[in-house]
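Colleague: Structure provided below as structure tokens; questions to follow.
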Amino acid sequence: MKETDIIIIGAGPTGLFAVFEAGLLRLKCHLIDTLPQPGGQLAELYPKKPIFDIPGYPSVGAGELVDNLMEQIKQFQPEFTLSETAEHIDKLDDGTFIVTTNKGTQIKGKAVAIAGGLGTFEPRKPELQNIADYEEKGVEYFVRNPEQYAGKRVVIAGGGDSALDWSIYLANIAKSVTLVHRRNEFRGALDSVEKVKELKNEGKINLITPCEVIEIKGNGKVESLILEKEGVRQEVETDYFIPLFGLTPKLGPIADWGLEIEKNAIKVNNALDYQTNIEGIYAIGDINTYPGKLKLILCGFHEATLMCQSIYNRLNPGKKYVLKYTTVAGVDGFDGSRKEAEKAVVKSIE
24 MKETDIIIIG AGPTGLFAVF EAGLLRLKCH LIDTLPQPGG QLAELYPKKP IFDIPGYPSV
84 GAGELVDNLM EQIKQFQPEF TLSETAEHID KLDDGTFIVT TNKGTQIKGK AVAIAGGLGT
144 FEPRKPELQN IADYEEKGVE YFVRNPEQYA GKRVVIAGGG DSALDWSIYL ANIAKSVTLV
204 HRRNEFRGAL DSVEKVKELK NEGKINLITP CEVIEIKGNG KVESLILEKE GVRQEVETDY
264 FIPLFGLTPK LGPIADWGLE IEKNAIKVNN ALDYQTNIEG IYAIGDINTY PGKLKLILCG
324 FHEATLMCQS IYNRLNPGKK YVLKYTTVAG VDGFDGSRKE AEKAVVKSIE
């Protein structure tokens, strides 16, 4: 059984940044994630999309942000258990925890941080009778690797940001892109709607509205789709069908851990440290809820910072921790004393 200081359930951006803040306090972390790679939804759902609300970055790609976070925490040598789901948490008499995954892996830690984003999530699937027969045989619910669509015919269905953004992106690499939406109006950002219309006028996107996919045809893989527009049906040949109708979040095993749940999220004490109703178990990022909660990566970073301070104090009762700035102590100097920090300030002034 592996042992660590903090078991982090969820390797998305909030969980990854928690490793950095814990590392500054000389606390070791072990991360568990259902996905096969770190990064959470940023890596799984939209690695190519730009993010605009990360301080210091006018724009940063989701995948690039994950890469930077991984580089930032590399020095603290976190351990990862990937492609496994945390199923059980047992609190021992000494206040430590054992987390067991669906594959039987057990991690022992002194604190648990749940940073599972929206929990587990499932795509909303169109109600097509035979769609399950074509999943991963031309039907894809996520765009994980855009390059697989290079030179291919692609039909995307949906009217939100994901459908619009991927239509725009794939228009530059696919052989053809057809965007189907059941309404004439879209729910996505106005500039994305305008860009799709512009690409339609340039002949790079075939936009069909109001229209729905009513049947998938093929022999062992997707070969064509039957579309219905205002009562008129047409068959469109394609290599891929990507319905992007959003995700249905589910807490999964988390719901059975004895935590206080409110509207599919974990209630925490935001006045102090984002601890749950079970001492030693914390929840940070999109998975938690409290008055005034904002589901932003920026807020998750803040929550991770305060949580790590609380865990340090909990694990080191009576030991006074003096907060120092990385601009003074650097990253390697966070186990020194106040006097050393003051000397560093004086030296920098001189």
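Note that the working numbering numbers the sequence shown so that position 140 is 163, with each residue one more than the last.
Every residue, glycine too, gets a C-beta built ideally from N, C-alpha and C.
(1) Considering only the alpha carbon of each residue, which of T37, V42, P36 lies closest to D28?
(2) Compute the distance between the beta-carbons of L58 and F103, then report whether it is under 8 Å.
(3) Helix or strand or just coil, what does DSSP make of E374?
(4) Just verifying my parser: in three-state terms, what is the DSSP assignment at V291?
(5) Is the distance from the Cβ of F268 to the Cβ of G140 below 8 Å?
(6) Only counting the same chain, and skipping five residues up and downstream in sequence, which positions put a Cβ closer than 8 Å to that of D184?
(7) Kindly indicate the opening and closing residues of the alpha helix (DSSP H) around H53.
(8) Report the residue from L230, R205, E283, T271 whose alpha carbon sits nearest the alpha carbon of G254.
(9) Helix, strand or coil for Q152 per DSSP?
(10) On the DSSP bridge list, what partners appear for G84?
(11) With distances taken between CB atoms, is the gap from P78 to L270 smaller than 8 Å?
(12) Out of curiosity, what's the CA-to-CA distance linking C52 and N300?
(13) Drop a sphere of 10 angstroms on the beta-carbon of N311, count the other beta-carbons inside from all chains shown, and report buried for 16 or more, exposed for fewer.
(14) Is K286 helix, strand or coil by DSSP?
(15) Buried or exposed: where does F75 fall if 16 or more other Cβ atoms within 10 Å of its Cβ makes it buried?
(16) Let me make sure I understand the geometry here. Which of A306, N339, K318 has the alpha-carbon closest to that of A327?
(17) Quick check on G127: buried or exposed, where buried means 16 or more other Cβ atoms within 10 Å of its Cβ?
(18) Between I231 and T201, is the Cβ-Cβ spacing less than 8 Å?
(19) Under a three-way DSSP split, which group does D116 fall into?
(20) Report, in whole angstroms, the separation of the C-beta atoms of P149 and P266, which I expect to be a contact under 8 Å.
(21) Kindly confirm or deny that the region 129–140 and the region 24–38 touch, where touching means at least three C-beta pairs closer than 8 Å.
(22) Could you check where the alpha helix (DSSP H) with A186 kicks off and where it finishes?
(23) Is R111 helix, strand or coil by DSSP?
(24) Assuming the contact rule is C-beta atoms closer than 8 Å, V122 and I304 should be a hit. Round their C-beta distance to whole Å, please.
(25) Report the residue from L338, I334, H325 whose alpha carbon sits nearest the alpha carbon of P36.
(26) Could you tell me the alpha carbon to alpha carbon distance between I289 and C234, rounded to whole angstroms?
(27) What's the gap between the Cα of I191 and the Cα of K244?
(28) Taking only three categories from DSSP, how would you classify T328?
(29) Whose CA, out of G226, D116, L39, D56, lies closest to the CA of E94?
(30) Spatial neighbours of V89 within its chain, please: C-beta separation below 6 Å, excluding the five flanking residues on both sides.
Modeller: So, from the listed chains and residues:
(1) Numbered from 1 along the sequence shown, position 5 holds the residue referred to as residue 28. Across the set T37, V42, P36, the C-alpha of V42 shows the shortest separation from the C-alpha of D28.
(2) Here residue 58 corresponds to residue number 35 of the sequence shown, with the count starting at 1. Here residue 103 corresponds to residue number 80 of the sequence shown, with the count starting at 1. No, Cβ-Cβ distance for L58 and F103 is not below 8 Å.
(3) Because the chain spans 24 through 373 in this model, residue 374 falls outside it and cannot be assessed.
(4) Here residue 291 refers to the residue found at position 268 of the sequence shown. The answer is coil: DSSP assigns V291 none of H, G, I, E or B.
(5) Here residue 268 is taken as the residue at index 245 of the sequence shown, counted from 1. Here residue 140 is taken as the residue at index 117 of the sequence shown, counted from 1. Not in contact: F268 and G140 (Cβ atoms no closer than 8 Å).
(6) Taking the sequence shown and counting its residues from 1, one reaches residue 184 at position 161. Hits under 8 Å: R210, G211, A212, S215.
(7) Your numbering for residue 53 matches position 30 in the sequence shown. Note, H53: premise wrong, no alpha helix (DSSP H); beta strand (DSSP E) at 52–56.
(8) For the purposes of this step, residue 254 is identified with residue 231 of the sequence shown, where counting begins at 1. Looking at the Cα atoms, R205 is the closest of the given residues.
(9) Position 129 of the sequence shown, counting from 1, holds the residue named residue 152. In this structure, DSSP gives Q152 a state outside helix and strand, which the three-state scheme calls coil.
(10) Counting from one through the sequence shown, the residue named residue 84 turns up at place 61. Answer is P73, bridged to G84.
(11) Here residue 78 refers to the residue found at position 55 when the sequence shown is read from its first residue. Here residue 270 refers to the residue found at position 247 when the sequence shown is read from its first residue. No, the Cβ-Cβ distance between P78 and L270 is not below 8 Å.
(12) On the sequence shown, position 29 is the one that residue 52 refers to. On the sequence shown, position 277 is the one that residue 300 refers to. In a straight line, the C-alpha of C52 is about 22 Å away from that of N300.
(13) Translated into positions along the sequence shown, residue 311 becomes position 288. Using a 10 angstroms sphere on the CB of N311, the tally of other CB atoms reaches 16 or more, which defines it as buried.
(14) Position 263 of the sequence shown, counted from the start, is the residue given in the question as residue 286. Coil, per DSSP.
(15) Counting from 1 along the sequence shown, the entry for residue 75 is found at position 52. Label assigned to F75: exposed.
(16) Position 304 of the sequence shown holds residue 327. It is A306.
(17) Here residue 127 corresponds to residue number 104 of the sequence shown, with the count starting at 1. So G127 counts as exposed.
(18) For this step, residue 231 is matched to residue 208 along the sequence shown. For this step, residue 201 is matched to residue 178 along the sequence shown. Yes.
(19) The residue you call residue 116 lines up with position 93 of the sequence shown. Residue state, collapsed to three classes: coil.
(20) Residue numbering aside, residue 149 sits at position 126 when the sequence shown is read from its first letter. Residue numbering aside, residue 266 sits at position 243 when the sequence shown is read from its first letter. Between P149 and P266 a beta carbon distance of about 5 Å is seen, short of the 8 Å cut, so the two are scored as contacting.
(21) Contact annotation: the region 129–140 touches the region 24–38, with at least three C-beta pairs closer than 8 Å.
(22) One-based indexing of the sequence shown puts residue 186 at position 163. Counting along the chain, A186 sits inside the alpha helix (DSSP H) bounded by residues 184–193.
(23) Here the question's residue 111 lines up with position 88 in the sequence shown. What sits at residue 111 in the sequence shown is His, not Arg. Looking at H111 - three-state DSSP - the assignment turns out to be strand.
(24) For the purposes of this step, residue 122 is taken as the residue at position 99 of the sequence shown. For the purposes of this step, residue 304 is taken as the residue at position 281 of the sequence shown. Actually they are not in contact, since the Cβ atoms of V122 and I304 sit about 10 Å apart, beyond 8 Å.
(25) The sequence position of residue 36 within the sequence shown is 13, counting from 1. Of the listed residues, the one whose Cα sits closest to P36 is H325.
(26) Here residue 289 is taken as the residue at index 266 of the sequence shown, counted from 1. Here residue 234 is taken as the residue at index 211 of the sequence shown, counted from 1. Roughly 39 Å separates the two Cα atoms.
(27) Numbered from its first residue, the sequence shown carries residue 191 at position 168. Numbered from its first residue, the sequence shown carries residue 244 at position 221. Cα to Cα, I191 sits roughly 25 Å from K244.
(28) Position 305 of the sequence shown holds residue 328. Helix, per DSSP.
(29) Within the sequence shown, the letter at position 71 stands for residue 94. Cα-wise, what sits closest to E94 is L39.
(30) For this step, residue 89 is matched to residue 66 along the sequence shown. Once the five neighbours on either side are set aside, the close Cβ partners of V89 are G62, L65, A66.
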